[in-house]
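Everything on this sheet refers to the single structure shown next.
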Amino acid sequence: MKYLVHVFILPHDDLRDPQGMAVEAALRRLGLDASEARVGKIVRFALEAPDEPSARAQIEDVSRRLLTNPVIERFWYEVEEKA
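Numbering-wise (this note's numbering), the sequence shown opens with residue 4 and increments by one.
Put into structure tokens, the structure is as follows:
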């Protein structure tokens with residue numbers, strides 16, 4: 004089966020996020036009452052796997068080993084069967 008995967012990556016909440024701080028400051032300059040801005044990444048890919056549990060296991064593995072630095076980043080993902 005083919006799955007569409009989106010992996011969302013953000014800095015850990017207890018770490019400074021200079022890009023997020025810059026975005027938040029810019030939003031405030033534009034008159035928005037913005038707070039808690041964080042800047043991260045989204046990685047999107049299609050994955051071939053025999054079933055969803057297998058796909059999820061592969062996504063967890065590749066997210067930890069390749070896509071993120073677990074010391075400074077956290078991740079979560081969405082997976083859906085692709086028609």
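Heads up, the beta-carbon is just placed ideally off N, CA and C, and yes, glycines get one too. None of the values given here were measured: they were computed from a predicted structure.
8 Å Cβ cutoff met for residue i and residue j
i      : j      : result
Arg-59 : His-15 : no
Ala-52 : Lys-85 : no
Of the residues the options, the one placed nearest residue i, counting alpha carbons only
i      : options                        : result
Val-10 : Glu-84, Val-74, Ile-45         : Ile-45
Tyr-6  : Leu-69, Leu-13, Ser-57         : Ser-57
Arg-19 : Leu-69, Val-65, Ile-75         : Ile-75
Asp-17 : Glu-83, Glu-55, Arg-41         : Arg-41
Glu-83 : Ser-66, Ile-62, Leu-69, Pro-73 : Ile-62
Helix, strand or coil at residue i [DSSP, three-state]
i      : result
Ala-60 : helix
Glu-39 : coil
Worksheet item: Three or more beta-carbon pairs under 8 Å between the region 18-27 and the region 36-45, yes or no?
Response: yes
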